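Chains as they are written, first to last, in our numbering: chain U, 1 to 498; chain G, 499 to 989; chain A, 990 to 1086.
Encoded structure:
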């Protein structure tokens, strides 16, 4: 009885939760992959010893002045174009004033009222697999702060300001997200897109992308928003999902107990699996934003914007669609091939040279992927060029070599690449040329049948199982150069004769 | 002998003829500075200066120098220098040794000038009397009981006393021109953006501009040419469209006489000054040199002071946020928490005037007040800017008094910040518009020097310097010096 | 405007600006800033209906720099004035997270 009651309680709880709807907006901070910082010529490389990538500008020394990095601007515009956003021809840099030890100037240079990128959108797949558009309110350029290390020196917070001045693009979504899973999916989409268009290395472990989640809940059907909380600084897809899940549950619990949600900043603690209030970080809510007098308005011409737009690569979602419609690939394969820019580019070059989209897709997703994976290489570092691999695939397709020989040849070419004009010589040298009917394959088949009279008899009795064995024997004898399809045909013909 | 009344022009000629060496001049300047009782200097750099002087003598011998090579000078202690402390007149930076040289410092080093030390100033350049310096008040060169003006007070006095023929200054709302007028020297606030702000400690970024304080307008023209120039390290540094500056650097400056049309504001504004007689005499002298005067209307001039204080305080309040006791500068002893560290370090490190401006700026930028104060001030700033633009379609330059009165007594405006701020009435308009303004001595009132201001449109330094050079050919106020009260005629 | 000027909370401003001030200074600053604010409030008389704010006297767009590593930081020199460092880090009293 007791367990039944618990179950009932549980079910009614779930029903109650069904009555609530979560409203979520994400602010994703993307570290831009520039060589130097956003406002100084110090190196933007990750992992230097503490404070070795800082100059007087990053340290906010007296008299130091910021000068904006054009690459950061270009990358912001590139992102804006990729999400079909309005690019603002005039944008303004503001100072956001607050004191924190890892913020050297006592203000962060950011964009407040006039960001560089205006409204745009991104498409994600919701839990049911349906396409859903998430609006993007804006994206603006700003400088990253340094890092505070709290457990290094006794009683002290140690400051490493290397990260100070790393260019950030803060992408602010509309509150269009309705579940933790959608939020994670959206974060993933931004991650993939930013990597794809080359504005971020996407290394979450190094903090290259972080997000803040604004979460509120309301009764289903309600149109106004509930009070929200902000979960700061989440740096993995898994954590985004879990943190929001926990926060939604917490808020529902508070509201159902007749409590009130307090607008506050919270921290996700993956070890304790909870979100908690960040009381200690006494941040003021009066940031006294005002236009930075050291930086004049950022003005972009339509021509500059159009140039960046025209140089934008075809984007993952467009490629995915193209692979399905034009090449007839499965939706799974299409997605697999379009997430990574280098992989996708490799596949497209391979297909263009081979005219064999399906075979190309299989090879890129399996043989090439596992080889590169073993060697720890990216698709842009492949030891075999798309044009050479295309020649291999063409020869598999036209029967010059068998699929098995193709793999052997591929591995050989990865070690020692071949001139395209010498491919056929290499095939012959390695004895990989497939033996067809005209090449005495029939004689070999007959020989095998003669050597295995028992199996032949079984086959004649209709036991198709042994067919595989006999084909295998032929393959063995020919070192894999026989065309299994032809071998099969020859055997079938012989049986009919009997 | 002191080198007091020598212009750079005279000294350069003496150096090139071999009548004197840079090392000799530098030793004299250093001695005078050491013996100074007006408190002009915050620090002296004897070794550094003598090394520079030796290099300069070599250059002069090889005829590789320029107009400024070998001339001793001093930097306002707001310019970062690697070789000494840079205090900005504040306890906060008492021991601050900048790891880099300001662009202006580099440029003058490259020109072969010899820096003997850093001059006293109002703390963070906030003041009109040089009384807010952590390193003590600076005394007026003519009367010890009077203020020299500020914030570049140390620089103006060092030139007026003849320790050096030139010192750098910075001007946010009059900090070059007002002390120049009070001390009887020539000071130029150039067009905003013409001299790099890199390495110059910021007070109010949209107003701050470095400039020269010298003996004559002719010297100042050369100094401006060598100090100015595009700097890629300053986002607000502007490229000049003409080649005037380059020609001054290579061939020197010769003032051409072309009759100019000069505007004089109509209305009650000129009745506000105490030295109307001296001002009118100067006007007539300029007129008799062939220039004409017409009345012009600058309707928003009277709003300049409030607009200036809103903008300057707001910008200062955030520019000074970096002095937090974390990476450099003063830190309080044994801070108990980060909050304690901030509050006590800043509380101890900043003086009263700086605190007053930081709090005023914090107030005007805070939620609910921003539009009423800051944005409103920016709008009136545009009106003032437009007033000038309209006026300069009719005249080549505008003449204004530099200050309402002569220097005042030390301590007399201590308890009255608003009256102190009103001292800037005639200087802040050009700062707000970002246009060049030159203060030149135009006589004495109650035995203290007074100055007049020539203001031109953006990048018209040549025009106003030409008018001033001509005036200084016909007058000798700029060569009149304390101590002996005589006009030097040796050179 | 005048009602606003009567309620300047110096302690709050000092907290925002992180400046410690003693009671005597607070009282003096209260008077000073009241009179300064009164002075600047005279701006309100000016009609600025159709006037755009002027942010800088330079009416030109922002100049950008190429993405090049141009600084070769000398950590020793940059930290020579630091009040407290350890192992290349700047240190402050622990900020509890």
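Ideal placement from N, C-alpha and C gives every residue a C-beta, glycine not left out.
Owing to the predicted nature of the structure, the values given are computational and were not obtained by experimental measurement.
My understanding is that residue i touches residue j, with C-beta atoms under 8 Å, so please give their C-beta distance in whole angstroms.
| i | j | result |
| --- | --- | --- |
| residue 943 of chain G | residue 973 of chain G | Contact doesn't hold; Cβ gap of about 15 Å is too wide. |
| residue 536 of chain G | residue 639 of chain G | 6 Å |
| residue 594 of chain G | residue 826 of chain G | 6 Å |
| residue 399 of chain U | residue 342 of chain U | In fact, because the Cβ distance is near 31 Å, the residues do not count as touching under 8 Å. |
| residue 60 of chain U | residue 816 of chain G | The Cβ separation is near 11 Å, so there is no contact. |
| residue 213 of chain U | residue 194 of chain U | Their Cβ separation, rounded to whole angstroms, is 18 Å, which puts residue 213 of chain U and residue 194 of chain U out of contact at 8 Å. |
| residue 339 of chain U | residue 190 of chain U | Not confirmed; about 13 Å, so no contact. |
| residue 494 of chain U | residue 449 of chain U | 6 Å |
Who are the neighbours of residue i on chain U, taking C-beta pairs under 8 Å?
| i | result |
| --- | --- |
| residue 1054 of chain A | 41, 67, 68, 69, 70 |
| residue 1080 of chain A | 153, 156, 157, 158, 159 |
| residue 591 of chain G | 62 |
| residue 696 of chain G | 63, 64, 65 |
| residue 824 of chain G | 101, 104, 159 |
| residue 748 of chain G | By Cβ distance, chain U contributes nothing, its closest Cβ being about 29 Å from residue 748 of chain G, past 8 Å. |
In whole angstroms, what separates the C-alpha of residue i from that of residue j?
| i | j | result |
| --- | --- | --- |
| residue 505 of chain G | residue 514 of chain G | 14 Å |
| residue 257 of chain U | residue 250 of chain U | 11 Å |
| residue 939 of chain G | residue 679 of chain G | 6 Å |
| residue 405 of chain U | residue 240 of chain U | 46 Å |
| residue 496 of chain U | residue 482 of chain U | 21 Å |
| residue 68 of chain U | residue 423 of chain U | 52 Å |
| residue 967 of chain G | residue 716 of chain G | 6 Å |
| residue 181 of chain U | residue 859 of chain G | 45 Å |
| residue 722 of chain G | residue 906 of chain G | 29 Å |
| residue 893 of chain G | residue 758 of chain G | 8 Å |
| residue 651 of chain G | residue 225 of chain U | 59 Å |
| residue 787 of chain G | residue 856 of chain G | 47 Å |
| residue 555 of chain G | residue 520 of chain G | 6 Å |
| residue 401 of chain U | residue 35 of chain U | 47 Å |
| residue 808 of chain G | residue 55 of chain U | 32 Å |
Keeping to the same chain, check which residues put their C-beta closer than 6 Å to that of residue i; ignore five residues upstream and five downstream.
| i | result |
| --- | --- |
| residue 570 of chain G | 523, 524, 527, 612, 614, 662 |
| residue 112 of chain U | 94, 289 |
| residue 1009 of chain A | none |
| residue 475 of chain U | 482 |
| residue 281 of chain U | Only weak support exists for where residue 281 of chain U lies, its pLDDT of 48 falling under 50; the coordinates are left without a value. |
| residue 928 of chain G | 935, 953 |
Going along the chain, which residues of its own chain have a beta-carbon closer than 8 Å to the beta-carbon of residue i, five neighbours each way excluded?
| i | result |
| --- | --- |
| residue 553 of chain G | 610 |
| residue 629 of chain G | 620, 635, 645, 648, 908, 909, 912 |
Determine the chain A residues that contact residue i at a beta-carbon separation under 9 Å, and present them in chain order.
| i | result |
| --- | --- |
| residue 807 of chain G | 1025, 1028, 1029 |
| residue 298 of chain U | 1050, 1051, 1053 |
Can you list, in chain order, the residues of its chain whose CB lies under 7 Å from that of residue i, leaving out five sequence neighbours each side?
| i | result |
| --- | --- |
| residue 331 of chain U | 324 |
| residue 294 of chain U | 65, 66 |
| residue 148 of chain U | 101, 102, 157, 159 |
| residue 350 of chain U | 360, 364, 386, 389, 390 |
| residue 842 of chain G | 830, 833 |
| residue 890 of chain G | 955 |
| residue 150 of chain U | 157 |
| residue 433 of chain U | 400, 401, 427, 481 |
Can you list the residues of chain G that residue i reaches, using a CB-CB cut of under 7 Å?
| i | result |
| --- | --- |
| residue 295 of chain U | 733 |
| residue 56 of chain U | 597, 598 |
Identify the contact partners of residue i in chain G, using a Cβ-Cβ distance below 8 Å as the criterion.
| i | result |
| --- | --- |
| residue 1047 of chain A | 690, 691, 734, 736, 932 |
| residue 112 of chain U | Neighbours of residue 112 of chain U on chain G: none; closest Cβ ~11 Å, over 8 Å. |
| residue 1009 of chain A | 841, 842, 844, 845, 846 |
Would you check whether the ligand GTP has a heavy atom nearer than 8 Å to the C-beta of residue i?
| i | result |
| --- | --- |
| residue 478 of chain U | Ligands are entirely absent from the displayed structure, and the ligand GTP is therefore not among its contents. |
List the residues of chain A that residue i touches, going by C-beta distances under 7 Å, in chain order.
| i | result |
| --- | --- |
| residue 925 of chain G | Near residue 925 of chain G there are no residues of chain A at all, since even the closest Cβ is about 15 Å away, more than 7 Å. |
Please compile the residues from chain A whose C-beta is within a distance smaller than 8 Å of the C-beta of residue i.
| i | result |
| --- | --- |
| residue 59 of chain U | 1067 |
Is there a Cβ of chain B sitting closer than 9 Å to that of residue i, yes or no?
| i | result |
| --- | --- |
| residue 290 of chain U | Among the chains of the structure shown, chain B does not appear; the protein chains present are U, G and A. |
Please list the partners that residue i has in chain U, where partner means a Cβ-to-Cβ separation under 7 Å.
| i | result |
| --- | --- |
| residue 699 of chain G | 62, 63 |
_Quick check for students: name the residue ranges of the beta strand (DSSP E) that lie wholly in the segment 19-81 of chain U, counting only runs of 3 or more._
Correct list: 20-31.
*At which residue ranges does the segment 1008-1032 of chain A contain complete alpha helix (DSSP H) runs of 4 or more residues, listed in the order of the chain?*
You should have 1012-1029.
*asked:* To test your reading of the DSSP string, which unbroken alpha helix (DSSP H) runs of 4 or more residues are found completely within the segment 513-582 of chain G?
replied: Fully enclosed alpha helix (DSSP H) runs of 4 or longer: 520-532, 544-559.
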